[in-house]
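What follows is a single structure, written as structure tokens, with notes after it.
Number of protein chains: 2
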Amino acid sequence: MFDETFDVLVVGSGYAGLSAAIEARRAGRSVLVIEKMKLPGGNSALSGGLFAVANAPLQAADGIEDSPALMAEDMFKAGHGLNHPDLVRTVAEGSLEAFLWCRDDLGVVFADGLHHGGGHSVPRVYSPANCSGSVILQALLVKCRELGIPIRLQTAMKGFIQDAGGAVVGAEVIADYIFPREGSGSVRRIGAARGVVLATGGYCQDVAFRKVHAPALGAALETTNHPGATAEGLVSALRIGATPVHLSWFQMGPWTSRDEEGWGVSTMFSVLVGLRHGVMIDASTGRRFVNELADRLSRSQEMVAAGRDPMLIVGGVAAQQYPNLAQCLKRGAVKRYGTLEEMARDQAIDAAALAETLEHYNRSLDEGVDEEFGRPLGTQERYRIEPPYHLVRLRPKLHYCNGGIQIDSGARVLDLERHRPIPGLHAAGEVTGGVHGACRLGGVAIPECIVFGRIAGRNAAGL
Amino acid sequence: MFDETFDVLVVGSGYAGLSAAIEARRAGRSVLVIEKMKLPGGNSALSGGLFAVANAPLQAADGIEDSPALMAEDMFKAGHGLNHPDLVRTVAEGSLEAFLWCRDDLGVVFADGLHHGGGHSVPRVYSPANCSGSVILQALLVKCRELGIPIRLQTAMKGFIQDAGGAVVGAEVIADYIFPREGSGSVRRIGAARGVVLATGGYCQDVAFRKVHAPALGAALETTNHPGATAEGLVSALRIGATPVHLSWFQMGPWTSRDEEGWGVSTMFSVLVGLRHGVMIDASTGRRFVNELADRLSRSQEMVAAGRDPMLIVGGVAAQQYPNLAQCLKRGAVKRYGTLEEMARDQAIDAAALAETLEHYNRSLDEGVDEEFGRPLGTQERYRIEPPYHLVRLRPKLHYCNGGIQIDSGARVLDLERHRPIPGLHAAGEVTGGVHGACRLGGVAIPECIVFGRIAGRNAAGL
């Protein structure tokens, strides 16, 4: 009946899939990971690596009070209460263990400071020392190699195989698949004696699919995602009765540059330095228009309001803190100006209004209060915006799919009709929905992937 | 293979289902309508009967300029652009013909005046003379009887029957079904030689299903819907690969009373008279807080904001215009007060603030401009708010499911994977998604049901 059989089949090789594979293997099971692309990792290979942790070790050092309950509250607030409470709690409560697993077990090196991510009540977000999530992915890949877990590339999910009772017992896959070529490769049947973990990510690159759920998100819209972020994995699950959740809720990243394609090199500059130490202005007025540390949904909605021309301005001392600044300048994604007049002239901003904006902001730093937009200023060191100025011309890009298939807190995929687990099927990461509701907070995707990936792996292993 | 066979099987006996049945029968086909409840109509039997028409006959008389394009624009604006453009256009462009069909072909008597519905740019909404949509339902039922279309009650949809190629060729139904008793009745197989029309409505009463999509909408939440507004029909379609759209977008009605259950007798008083001639105030401040003619989403969001205690106040002359006022007063859903002081004391409203609010509003009527909230005041006659005062204590209730399964402008149900029609399956009405996006405008549901119901019936008949 099958061409080959493993205990656990993991579909997708990003943070969630590899975490699941590692746990299943450590439980003594045979595991196969399949990945449709030529390289492993999907969006995890491009990720900025932000990692939100409730009760982070560095919080104690800084005297920051935090708790899983506070992190969950932040997630509900951003998510407009659409979030599934049990999933939110599972991520918030599991974030510390997931972080320690990455740091101590996998050996990922994180920077020695916490980021105050937009929409978070307190600084609780770690960032890898090199400002890229690729080091987390690499650590997961190394661990898979150590454990002897095969990762079969260019092998695409075609559809689940179910037994007479509806339990998932394997998958039809396409071996030697060349994305996105329909008809490439050949079909093989892979058995999964204990179950399948679906971890195929989101569908930001699937124009036809995303237009069904949000017609405005047409082909012209830029995205930060890798080309393989398409909906087939999700659709395979829906085909066998998985429950769709929040498919129309997409996230636009409020920190991407219009001067480079996709994710780009400047995004982590804007996230880690620009939005922390700088201001976002509307170049058509020279004024601020939003709390730069609001959640991503609020910010991106303000940024695309009619007539807005959003730019980010940060001072020289702060800019130097970003390790990859030289690359950003070289590519033109970050522009440097010696004087305010020069910057205003080059970007056609009203110089008087801009000067007033920066003076006012610098004064608010002294007072520790942002009276205009309520941005939190008091909790961490801030640098004044002083020459040389660094500027990013922003444009929100499609970044993340909040929705997906429904799981319970055991990463079990729930059936549409009975709201009960579909036997043999687990899922984790962006392919699932319910954790974030209307808006995902920055830094929560990775703990989500690691927490639910590990749960999925353990439960698929039958522990 | 089948216990009996018809050309067209219609599932559901509301506005959409009966419109489909009539068109299919008129095309010469044999038709069966099944309905799981003891009575036909579902929510259509409870509906207020509002009917939005672009280029309505009465608009010309009043010198109101309108067009399908303007109605479509209003729908997109309320829908936050999530609406499917082809479906919006189909409803807006078809609204006039659908109205004339109801009025001239079915003989429904509408009141001789247009309602300016919330979120509509101009007055374009008809209302049946008795302020109830039940007359539209009755007219449809009479027409079905004339045409000899059987409506089989207590017959529930169990699942679609497909041929080897995936085409829908019939349905398994449960005859002698007693809602909501699982296990009641007996299964029969009904063939549909030309196809099935799914018109099973929304899922506002399906607590388990709605909580998946919006966890805050738990069992405690009141709804205007009939008990049978559950998700089985929708789920049957998803089971065979229909595409889910906007399932997390629900509508709260901003005009229901907390002093009566469900839809109640006062709702059409509030819709037709209260919101047109009165003001909505926050009883905790005595002040207005919203444009009373904003779309339903905007209004209901403002009404449930923390600490708000929404009430509607309208003057005596206006209140008398509502034909069923006596019933509202008798049930206590509308309260009458001779003086402002009496009303303020009884409802614990700050009398001075309330007096100021009413004076200010009455003055704005003279000026024809609502400077505070931008409510349109100029287009139709308005009555001042003067004694005796009539007051409704409002509480938004769950009213409508904006989401459902995806159809194209031919009412063909589209497949999840290929975005192509599932052969033999059409759908219309609240079971479908995409027409309304984030917010349905008042009065658009009935034209939607009639327009797409008739299209579904004609296309299922194979014309």
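These protein sequence lines map, in sequence, to chains L and X.
Just so you know, we're using our numbering here: the first sequence kicks off at 33 and counts up by one.
Just so you know, we're using our numbering here: the second sequence kicks off at 33 and counts up by one.
For glycine and all other residues, C-beta sits at the position ideal for the given N, C-alpha and C.
Here the structure is a predicted model, which means the values were calculated and not measured.
In chain order, what residues of the same chain have a beta carbon less than 8 Å from the beta carbon of residue i, not counting five sequence neighbours either side?
i: residue 186(L); result: 67, 68, 69, 70, 207, 208, 209, 210, 211, 217
i: residue 258(L); result: 69, 74, 75, 77, 78, 237
i: residue 322(L); result: 312, 330, 331, 334, 335, 405
i: residue 355(X); result: 162, 163
Check for me: the beta strand (DSSP E) holding residue i runs from which residue to which?
i: residue 433(X); result: 429-433
i: residue 314(X); result: 311-314
i: residue 368(L); result: 367-369
i: residue 392(X); result: Counting along the chain, residue 392(X) falls outside any beta strand (DSSP E), though it belongs to the alpha helix (DSSP H) covering 383-399.
i: residue 190(L); result: 188-194
i: residue 456(X); result: 453-459
What are the boundary residues of the alpha helix (DSSP H) that includes residue i?
i: residue 5(L); result: The first residue shown for chain L is 33 and the last is 495, placing residue 5(L) beyond what the model contains.
i: residue 117(X); result: 117-132
i: residue 244(X); result: 239-245
i: residue 64(X); result: It is not in any alpha helix (DSSP H) - residue 64(X) instead sits in the beta strand (DSSP E) that spans 63-66.
i: residue 375(L); result: 372-379
i: residue 437(X); result: Element bounds for residue 437(X): not the alpha helix (DSSP H) but the beta strand (DSSP E), 436-438.
i: residue 168(L); result: 166-178
i: residue 335(X); result: 328-335
i: residue 102(L); result: 100-110
i: residue 49(L); result: 47-58
i: residue 230(L); result: Residue 230(L) -> not in any alpha helix (DSSP H); beta strand (DSSP E) instead, spanning 218-230.
CB-CB under 7 Å to residue i, same chain, minus the five flanking residues each way: which ones, in chain order?
i: residue 13(X); result: Only positions 33 to 495 of chain X appear in this structure, which leaves residue 13(X) out of reach.
i: residue 53(L); result: 42, 63, 65, 176, 181, 489
i: residue 346(X); result: 305, 306, 309, 310, 417, 422
i: residue 339(L); result: 316
i: residue 130(L); result: 479, 482, 483
i: residue 204(X); result: 190, 191, 193, 219, 221
i: residue 233(X); result: 44, 46, 74, 75, 261, 461, 462, 463
Of all the CB atoms in chain A, is at least one closer than 9 Å to the CB of residue i?
i: residue 205(X); result: In the structure shown, chain A does not exist; the protein chains are L and X.
Let me make sure I understand the geometry here. Which of the options has the alpha-carbon closest to that of residue i?
i: residue 240(L); options: 116(X), 47(X), 189(X); result: 116(X)
i: residue 246(X); options: 461(X), 430(X), 453(X); result: 430(X)
i: residue 93(L); options: 156(L), 106(L), 57(L); result: 156(L)
i: residue 221(L); options: 214(L), 96(L), 188(L); result: 188(L)
i: residue 383(L); options: 396(L), 315(L), 481(L), 434(L); result: 315(L)
i: residue 138(X); options: 286(X), 482(X), 265(X), 91(X); result: 482(X)
i: residue 98(X); options: 114(X), 303(X), 124(X), 112(X); result: 124(X)
i: residue 72(X); options: 89(X), 260(X), 112(X); result: 260(X)
i: residue 83(L); options: 59(L), 55(L), 163(L); result: 163(L)
i: residue 366(L); options: 292(L), 395(L), 324(L), 337(L); result: 292(L)
i: residue 51(L); options: 254(L), 144(L), 133(L); result: 133(L)
i: residue 349(L); options: 357(L), 214(L), 342(L); result: 357(L)
i: residue 443(L); options: 452(L), 412(L), 491(L); result: 491(L)
i: residue 499(X); options: 228(X), 255(X), 95(X), 285(X); result: As shown, chain X starts at 33 and ends at 495. That puts residue 499(X) outside it, with no answer to give.
Below 8 Å on the Cβ atoms is my contact criterion, and I expect residue i with residue j to pass it. Report the Cβ-Cβ distance as a whole number of Å.
i: residue 409(X); j: residue 401(X); result: 6 Å
i: residue 120(L); j: residue 467(L); result: 6 Å
i: residue 140(L); j: residue 168(L); result: 5 Å
i: residue 440(X); j: residue 273(X); result: So it is not a contact: roughly 15 Å between Cβ atoms.
i: residue 225(X); j: residue 39(X); result: 5 Å
i: residue 300(L); j: residue 80(L); result: 5 Å
Can you list, in chain order, the residues of its chain with a C-beta nearer than 6 Å to that of residue i? Leave out the 5 residues immediately preceding and following it.
i: residue 388(X); result: none
i: residue 455(L); result: 199
i: residue 290(L); result: 425, 427
i: residue 381(L); result: 315, 318
i: residue 539(L); result: Limits of chain L in this structure are 33 at one end and 495 at the other, which puts residue 539(L) out of reach.
i: residue 396(X); result: 402
i: residue 281(L); result: 434, 435, 470
i: residue 465(L); result: 277, 278, 435, 436
* Asked: Using a beta-carbon distance cut-off of less than 7 Å, what residues from the stretch 239-271 of chain L approach chain X?
  -> When CB distances to chain X are screened at a threshold of 7 Å, the residues of the stretch 239-271 of chain L falling below it are 240, 244, 245, 246, 247, 248, 267, 270, 271, in chain order.
* Asked: When Cβ atoms are compared, which residues of the stretch 445-471 of chain X fall closer than 7 Å to chain L?
  -> From the stretch 445-471 of chain X, only 448, 449, 451 have a Cβ closer than 7 Å to chain L.
* **Interfacial residues, the stretch 218-233 of chain X to chain L, with Cβ spacing under 9 Å** => Contact residues of the stretch 218-233 of chain X toward chain L are absent (C-beta to C-beta distance below 9 Å).
* Asked: Which residues, taken in chain order from the stretch 277-306 of chain L, show a beta carbon closer than 8 Å to some beta carbon of chain X?
  -> Of all residues in the stretch 277-306 of chain L, 277, 278, 279, 280, 281 have a Cβ within less than 8 Å of some Cβ in chain X.
* Give the residues from the stretch 419-448 of chain X that approach chain L closer than 7 Å (Cβ to any Cβ), ordered along the chain. => If the cut-off is 7 Å between Cβ atoms, the stretch 419-448 of chain X has 438, 448 near chain L.
* If you measure beta-carbon to beta-carbon, which residues of the stretch 103-135 of chain L are closer than 8 Å to chain X? -> Along the stretch 103-135 of chain L, the positions whose C-beta sits under 8 Å from a C-beta of chain X are 113, 114, 115, 116, 117, read in chain order.
* Asked: What are the residues of the stretch 334-354 of chain L that lie near chain X, defined by any Cβ-Cβ distance shorter than 8 Å?
  -> Within the stretch 334-354 of chain L, no residue qualifies.
* **Contact set between the stretch 184-198 of chain L and chain X, restricted to residues whose Cβ is under 9 Å from the partner** => So nothing in the stretch comes that close.
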